[in-house]
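Engineer: In our numbering, the protein residues as written are 1 to 200.
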Amino acid sequence: LRYPETEESLTRGKMVDPPWNSDEANILHALANGAAIGMNLSLLISANLIAIISLVNLIDFLLTWLGKFVTIKQLTLELVLGYVLYPYTWLLGVPHADILDVSQLLGLKFITNEFVAYQRLTAGTADVPALKTSLTSRGLTIAEFALCGFGNLGSIAIQIGVLGTLAPSRKADFSRLVMSACITGSIATTITAAIVSMVI
Numbered sequence: 001l002r003y004p005e006t007e008e009s010l011t012r013g014k015m016v017d018p019p020w021n022s023d024e025a026n027i028l029h030a031l032a033n034g035a036a037i038g039m040n041l042s043l044l045i046s047a048n049l050i051a052i053i054s055l056v057n058l059i060d061f062l063l064t065w066l067g068k069f070v071t072i073k074q075l076t077l078e079l080v081l082g083y084v085l086y087p088y089t090w091l092l093g094v095p096h097a098d099i100l101d102v103s104q105l106l107g108l109k110f111i112t113n114e115f116v117a118y119q120r121l122t123a124g125t126a127d128v129p130a131l132k133t134s135l136t137s138r139g140l141t142i143a144e145f146a147l148c149g150f151g152n153l154g155s156i157a158i159q160i161g162v163l164g165t166l167a168p169s170r171k172a173d174f175s176r177l178v179m180s181a182c183i184t185g186s187i188a189t190t191i192t193a194a195i196v197s198m199v200i
């Protein structure tokens, strides 16, 4: 739906077998090539994750530095996204008292990942208590479903690393579409939370 095929399909009305090119001489050669590709993928994923996390930390540092001048304490990307996602969280059916907390959780999930957001929701940290103690039952249930998804900046790095390695000639296409795919995936997963909010 997000990226429909507009040109005439190459396989329309006929069965096309993909070309099979194998340079492996035997099973040992295939195992060695597979191990090399796997190592390359893991290194690329790690490097892309480090780059994305570093960019987020740089933005947080700059926002916090700017916040000191305009007297906004703890101005971070999470706080900004919390206010940006405030109307969207309201549309999910979150109770008014919980909207800001849940929208900040959605922002945290987007800039880090769902594991960090769930930890903030259920366990908290040494400095920040768990949010589940301050949310209503309805808000907690909707938040649990809304956070269940893989749409975050880390997944962008993984997609670029993996797909770019498997199809190097299409890496520019992946880089153009990956942000849109991440946002679309996040919307698709939060639709589940919206459905849940209709039935509870």
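Just so you know, even glycine gets a beta-carbon here, dropped at the ideal spot from N, CA and C.
Helix, strand or coil: which one does DSSP assign to residue 190?
Structural biologist: Taking the sequence shown and counting its residues from 1, one reaches residue 190 at position 190. It is helical.
Engineer: Below 8 Å on the Cβ atoms is my guess for residue 149 versus residue 185; work out the distance and round it to an integer in Å.
Structural biologist: Position 149 of the sequence shown, counted from the first residue, corresponds to residue 149. Position 185 of the sequence shown, counted from the first residue, corresponds to residue 185. About 6 Å separates the two Cβ atoms, so the contact holds.
Engineer: What did DSSP end up calling residue 14 once you bin it into helix, strand or coil?
Structural biologist: Residue mapping note: residue 14 aligns to position 14 of the sequence shown, counting from 1. Assignment of residue 14 by DSSP, reduced to helix, strand and coil, places it in the coil class.
Engineer: In three-state terms, what does DSSP make of residue 49?
Structural biologist: Along the sequence shown, one-based indexing puts residue 49 at 49. The answer is helix: DSSP assigns residue 49 an H, G or I state.
Engineer: Are residue 98 and residue 139 closer than 7 Å when you measure CB to CB?
Structural biologist: For the purposes of this step, residue 98 is taken as residue 98 along the sequence shown, with counting starting at 1. For the purposes of this step, residue 139 is taken as residue 139 along the sequence shown, with counting starting at 1. Judged by their CB atoms, residue 98 and residue 139 are nearer to each other than the 7 Å cut-off.
Engineer: Give every residue of the same chain whose Cβ lies closer than 7 Å to the Cβ of residue 113, excluding the five residues on either side of it in the sequence, and list them in chain order.
Structural biologist: Walking along the sequence shown from the start, residue 113 turns up at place 113. Excluding positions up to five away in sequence, the list reads 152, 154.
Engineer: Ignoring anything shorter than 4 residues, give me the alpha helix (DSSP H) runs that lie fully in the stretch 104–183, in order along the chain.
Structural biologist: The stretch 104–183 contains these whole alpha helix (DSSP H) runs: 114–122, 137–146, 153–166.
Engineer: Quick check on DSSP: helix, strand or coil for residue 30?
Structural biologist: As a first step, residue 30 must be located in the sequence shown, where it is residue number 30. In this structure, residue 30 counts as helix in the three-state DSSP scheme.
Engineer: For residue 64, would you say it is in contact with chain B, using Cβ-to-Cβ distances shorter than 7 Å as the test?
Structural biologist: Included in the structure is just one protein chain, with no chain B present.
Engineer: Within the same chain, show all residues whose beta-carbon is closer than 8 Å to that of residue 116, passing over the 5 residues directly before and after it, in chain order.
Structural biologist: Taking the sequence shown and counting its residues from 1, one reaches residue 116 at position 116. If the five residues before and after residue 116 are omitted, its C-beta is found closer than 8 Å to the C-beta atoms of 108, 109, all from its own chain and listed in chain order.
Engineer: When we look at the beta-carbon of residue 183 and count the other beta-carbons within 10 Å, is it buried (16 or more) or exposed?
Structural biologist: The sequence position of residue 183 within the sequence shown is 183, counting from 1. The residue in question, residue 183, is exposed, as its Cβ has fewer than 16 Cβ neighbours within 10 Å.
Engineer: What is the DSSP secondary structure of residue 78, counted as helix, strand or coil?
Structural biologist: Position 78 of the sequence shown, counted from the start, is the residue given in the question as residue 78. Residue 78: helix per DSSP, three-state reduction.
Engineer: Less than 7 Å separating the beta-carbons of residue 85 and residue 103?
Structural biologist: Translated into positions along the sequence shown, residue 85 becomes position 85. Translated into positions along the sequence shown, residue 103 becomes position 103. Taking 7 Å as the cut-off, the Cβ atoms of residue 85 and residue 103 count as close.
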